[in-house]
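Participant: Supplied in structure tokens, the structure appears directly below.
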Amino acid sequence: MRAQLIKYLLFAIFIQLNSGHDDTLARGGEILRLVSRDEWIAQPPSKELEPMQLPATKVIIAHTATEGCDTQAMCTFRIRLIQTFHMESRNWDDIAYNFLVGGDGLVYEGRGWDKVGVHTNGFNRGSIGIAFVGTFTKIAPSTKQLRAAQMIIAEGVRLGKLSTDYKLYGHRQLIASESPGEELYKIIKLWPHWSNQIEES
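With mature numbering (1 follows the signal peptide of the UniProt record, and there is no 0) as the guide, the letters of the sequence shown map in order to residues -20 to -1, 1 to 181.
Structure follows, in structure tokens:
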């Protein structure tokens, strides 16, 4: 426990030292900027992850139900905490999501395109889980956060990782959850490919 606390303190100091340099100079939300696992200092998975059968046919939109973030430094810190919670408290093999979208307009690689997530029980196989960092029950994500999510979805189709006729769902449609929050859910219901026809994996 003490070693973990020291690790967090050192990481927090690193974030503070780098927070003066706003990495959103990468024009988050205007062009697709994918932050690799190495860049956000991800822990390695605790064991080999299940490979995804591609192309995936579903996109599931969630929120992390945490505080948001609006710089790369803070989003890195937030996502690192989420991964630690998932692995140490939930006993999952890695962070649950395939991708996370920060309020900085950057997309963070979770399990990526090629591995099955653990974001939505019963629907993980054949789906890409994309989590917006923050809580969106009463406020909507920023325009650049929304745009970044749309860009990573489009990139998945372009790469052949997502089917061209994929279906898009809110997390709450598939499991008992408030996720992705009422305000974000209202928005994604207007996106192309949103569906109210539920198909299990």
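Don't be surprised by glycine CBs; every beta carbon is placed ideally from N, CA and C.
(1) Would you give the residue range spanned by the alpha helix (DSSP H) that THR144 belongs to?
(2) Is TYR165 closer than 8 Å to VAL39 when the C-beta atoms are compared?
(3) So TYR77 and GLY97 are supposed to be a Cβ contact under 8 Å. How far apart are they, rounded?
(4) Name the one or two DSSP bridge partners that ILE59 has.
(5) Considering just the uninterrupted stretch of the beta strand (DSSP E) at ALA45, what are its terminal residues?
(6) Counting beta carbon pairs with one atom in the region 25 to 37 and one in the region 114 to 122, are three or more of them shorter than 8 Å?
(7) What is the C-beta distance between ILE59 and VAL113, in whole angstroms, given that I count them as a contact (C-beta under 8 Å)?
(8) I'd like the ranges of any beta strand (DSSP E) spanning at least 3 consecutive residues and lying wholly in the region 100 to 178.
Facilitator: On the basis of the supplied data:
(1) Stepping through the sequence shown from its first residue, residue 144 is reached at position 164. Per DSSP, THR144 belongs to no alpha helix (DSSP H); it is in the beta strand (DSSP E), 142 to 150.
(2) Along the sequence shown, read from residue 1 onward, the residue named residue 39 stands at position 59. Along the sequence shown, read from residue 1 onward, the residue named residue 165 stands at position 185. Not in contact: VAL39 and TYR165 (Cβ atoms no closer than 8 Å).
(3) By one-based count along the sequence shown, residue 77 stands at place 97. By one-based count along the sequence shown, residue 97 stands at place 117. Confirmed, about 6 Å.
(4) In the sequence shown, residue 59 corresponds to position 79, counting from 1. The partner list for ILE59 (beta bridge, DSSP) is empty, contrary to what the question assumes.
(5) As a first step, residue 45 must be located in the sequence shown, where it is residue number 65. It is not in any beta strand (DSSP E) - ALA45 carries neither H nor E in the DSSP assignment.
(6) no
(7) Against the sequence shown, residue 59 aligns to sequence position 79. Against the sequence shown, residue 113 aligns to sequence position 133. Right, their Cβ atoms sit about 7 Å apart.
(8) 107 to 112, 142 to 150
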